[in-house]
Amino acid sequence: MQSVKWNGDVFTSSKIICVGRNFAAHIAELNNETPASMVLFAKPNSAITESLKSEHLGEALHYETELCFLVKNKQLAAVGLGLDLTKRDLQSTLKEKGLPWERAKAFNGSALFTEFVTVNDSYHYQFSLKIDGKETQFGDTKLMLHNAEQILAEISEFMDLEDGDIIMTGTPEGVGKVVANSTFAVTLMDDQQALLSHQWQAL
Numbered sequence: 002m003q004s005v006k007w008n009g010d011v012f013t014s015s016k017i018i019c020v021g022r023n024f025a026a027h028i029a030e031l032n033n034e035t036p037a038s039m040v041l042f043a044k045p046n047s048a049i050t051e052s053l054k055s056e057h058l059g060e061a062l063h064y065e066t067e068l069c070f071l072v073k074n075k076q077l078a079a080v081g082l083g084l085d086l087t088k089r090d091l092q093s094t095l096k097e098k099g100l101p102w103e104r105a106k107a108f109n110g111s112a113l114f115t116e117f118v119t120v121n122d123s124y125h126y127q128f129s130l131k132i133d134g135k136e137t138q139f140g141d142t143k144l145m146l147h148n149a150e151q152i153l154a155e156i157s158e159f160m161d162l163e164d165g166d167i168i169m170t171g172t173p174e175g176v177g178k179v180v181a182n183s184t185f186a187v188t189l190m191d192d193q194q195a196l197l198s199h200q201w202q203a204l
């Protein structure tokens with residue numbers, strides 16, 4: 002079983018719950034409709050990896066940088082950043098046919114995470130992704146259609162969240178294809194104070 006770290010402790014995530022279409026600019030970027038209700042889907046523990054790959058089984062992967070929360074005692078206990086890797090062409094085909102996204106979103110190695118840090122009281126954060134030194138994505142919780150507390154409440158209505166489970170809260174605009182040998186650097190901020198940073202080298 003794959004795990005993540007918070008304050009030096011190791012947590013095994015039984016599941017990852019993801020929010021889709023939570024930033025208006027990203028919805029427009031992919032030509033999607035704004036959903037009437039929260040879009041949720043899941044990734045299994047086997048999705049967690051430390052290796053950023055540019056393809057999976059011969060299919061190109063796209064990156065989505067996301068603010069992530071670690072659950073403990075059914076509350077949002079810690080915060081970090083993650084990459085939701087997506088088979089965009091396959092996802093588009095599945096959406097056109099009205100089929101679930103799991104083949105495009107929940108495959109092995111489709112989720113990468115930084116270490117986590119303890120949450121603040123406001124759940125207000127900013128985060129960024131730089132690829133080879135150029136800022137590619139920037140997100141702010143003020144721009145989210147559904148905030149962290151609303152997301153936790155809605156998931157908890159129909160699903161038990163266990164210690165170590167992770168919630169990925171959606172991605173801002175600027176998504177694109179992972180290019181091998183490029184350097185991905187993410188930073189999490191709390192009102193412009195850097196809380197953590199992490200770097201991956203794409204394979």
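Residue 20 in my numbering sits at position 19 of the sequence shown, and the numbers go up by one each step. Where is the CB? At the ideal position from N, CA and C, for every residue including glycine. Note that the structure is a prediction, hence the values are computed from the model and not measured.
Any idea if residue i is buried or exposed, counting beta-carbon neighbours within 10 angstroms, 16 or more meaning buried?
i: THR184; result: exposed
i: ALA37; result: exposed
i: HIS147; result: buried
Per DSSP, what kind of secondary structure is residue i in: helix, strand or coil?
i: ASP141; result: strand
i: SER183; result: coil
i: ALA61; result: strand
i: ASP85; result: strand
i: LYS75; result: coil
i: PHE108; result: coil
Considering only residues of the same chain and omitting the five flanking positions on each side of residue i, which have a CB-CB separation below 7 Å?
i: PHE12; result: SER4, VAL5, LEU71, ASP164 and GLY165
How big is the Cα-Cα spacing for residue i and residue j?
i: ALA154; j: LEU77; result: 11 Å
i: ASN8; j: THR115; result: 12 Å
i: VAL187; j: ARG104; result: 26 Å
i: THR87; j: ASP122; result: 32 Å
i: LYS1; j: GLN92; result: Since the first residue shown for the chain is 2 and the last is 204, residue 1 is missing from the structure and cannot be characterised.
Tell me which residues share the same chain as residue i and place their Cβ nearer than 6 Å to its Cβ, disregarding the 5 neighbours each side in the sequence.
i: VAL40; result: GLY21 and ARG22
i: LYS16; result: ALA43 and ASP166
i: ILE156; result: ILE18
Meets three-Cβ-pair contact criterion under 8 Å: the stretch 51-68 and the stretch 166-179
yes
Any contact of the stretch 79-93 with the stretch 183-198, i.e. 3+ C-beta pairs under 8 Å?
yes
Could you tell me whether the stretch 106-114 touches the stretch 37-52, where touching means 3 or more Cβ pairs closer than 8 Å?
yes
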